[in-house]
Amino acid sequence: MPTCLGAFISQAIYQSKLKSNHEIKTSDCLKFVDVGIQHGEETKDGFSWKNPGEVHIVVQLIKTYYRHKTSASCRLTMHNVQQSKGS
Numbered sequence: 010m011p012t013c014l015g016a017f018i019s020q021a022i023y024q025s026k027l028k029s030n031h032e033i034k035t036s037d038c039l040k041f042v043d044v045g046i047q048h049g050e051e052t053k054d055g056f057s058w059k060n061p062g063e064v065h066i067v068v069q070l071i072k073t074y075y076r077h078k079t080s081a082s083c084r085l086t087m088h089n090v091q092q093s094k095g096s
């Protein structure tokens, strides 16, 4: 993962024990999108949480991105259920 993202996760979650070594060193590779509360609420799904409204927005953003770009993209979500159901 890009070092800027790895450093944040390391400090916030792993007491700075996670080390990233990646060719991407700047934060311009990251985009954060606040989809707003009008796009649904989180509901419990097993041991995780999901928000179908957020999943829909992320899928639409990825589709739009791939229509206009040729480089690779990835998504990061804190909810395992959203990641698996958004695929």
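The sequence shown runs contiguously to residue 96 in this note's numbering. All residues carry an ideal CB built from backbone N, CA and C; glycine is no exception.
Quick one, are the C-beta atoms of residue i and residue j less than 8 Å apart?
| i | j | result |
| --- | --- | --- |
| leucine 70 | valine 42 | yes |
| alanine 16 | serine 29 | yes |
Where does residue i fall in DSSP's three states?
| i | result |
| --- | --- |
| serine 96 | Because serine 96 carries a pLDDT of 47, less than 50, the predicted location of this residue cannot be relied on, and the following value inherits that uncertainty. Coil at serine 96, not helix or strand. |
| aspartate 43 | coil |
| serine 57 | strand |
| threonine 12 | helix |
Please tell me whether residue i has its Cβ less than 8 Å away from any Cβ of chain C.
| i | result |
| --- | --- |
| leucine 70 | Checking the listed chains, one finds no chain C in this structure; it contains a single protein chain. |
Considering only heavy atoms of the ligand NAP, does any lie closer than 7 Å to the CB of residue i?
| i | result |
| --- | --- |
| serine 19 | Summarising the ligand content, the structure contains no ligands, and the ligand NAP is consequently not present. |
At least three beta-carbon pairs within less than 8 Å, the stretch 39-50 to the stretch 58-75: Segments in contact, yes.
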